[in-house]
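Colleague: Here it is, the structure in full.
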Amino acid sequence: MRSDGAARKKKPKKVVRVLVYWPAEQWDAMAARWPQFVPEYGDDHDTHRRMVEDMLRRHAEDSGATLGVASLTVDGLVEFAAAREFDAAGSETRAAYAAELGRAGTVTSWPPAQRQKCWCGSGRTYRECCAAI
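Each residue of the sequence shown is one higher than the one before, counting from 598 in the working numbering.
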């Protein structure tokens, strides 16, 4: 602590960008409940996973932000929206839910180390899974 009473400089807050991801076990339920989401997220789960990995790589190249992946669940999104009187089908609601998961610390940091489990939840290492896309 400084004895002269001068204010200490605060470190700038780290920018965290959280991307929405629908895990494999949620994909069918999401597509059945909100078929209008499918064109935005991809025709199937593998396409969605590749799209998210591509977006993460682009954001990593274009910004100094710390990146995270928010694994959404249908029930979680519905509950989040209902508690706030939001439309669960709204893109703003999905973004707000992902941001809330980020604030709660329940997102997966990206990129994982090559030998760590992949962010997508496959159980494989990142090197064997999404890093190979």
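We put the CB at the ideal spot given by N, CA and C, even for glycine.
How far does the beta strand (DSSP E) with Gly699 in it reach, from first residue to last?
Modeller: Looking up residue 699 in the sequence shown gives position 102. Note, Gly699: premise wrong, no beta strand (DSSP E); alpha helix (DSSP H) at 688-700.
Colleague: Verify whether the separation of the beta carbon atoms of Gly687 and Ala621 is less than 8 Å.
Modeller: Position 90 of the sequence shown, counted from the first residue, corresponds to residue 687. Position 24 of the sequence shown, counted from the first residue, corresponds to residue 621. No, they are not a contact pair.
Colleague: List in chain order: all unbroken alpha helix (DSSP H) runs of 4+ residues lying wholly within the segment 602-659.
Modeller: Runs of the alpha helix (DSSP H) inside the segment 602-659: 621-630, 635-638, 642-659.
Colleague: Which class does Gly720 belong to by DSSP, given the choice of helix, strand or coil?
Modeller: Counting from one through the sequence shown, the residue named residue 720 turns up at place 123. Coil, per DSSP.
Colleague: Kindly indicate which three-state DSSP category Gly665 falls into: helix, strand or coil?
Modeller: The residue given as residue 665 occupies position 68 in the sequence shown. The answer is strand: DSSP assigns Gly665 an E or B state.
Colleague: Could you say if the segment 719-730 and the segment 640-653 meet the contact criterion of at least three C-beta pairs nearer than 8 Å?
Modeller: Flag = yes, the segment 719-730 and the segment 640-653 touch.
Colleague: Where do the ends of the beta strand (DSSP E) carrying Thr705 lie?
Modeller: One-based indexing of the sequence shown puts residue 705 at position 108. Unbroken beta strand (DSSP E) run through Thr705: 705-707.
Colleague: Exposed or buried, which one is Arg700 when buried takes at least 16 other CB atoms within 10 Å?
Modeller: Taking the sequence shown and counting its residues from 1, the one referred to as residue 700 is at position 103. Exposed, since its Cβ has fewer than 16 Cβ neighbours within 10 Å.
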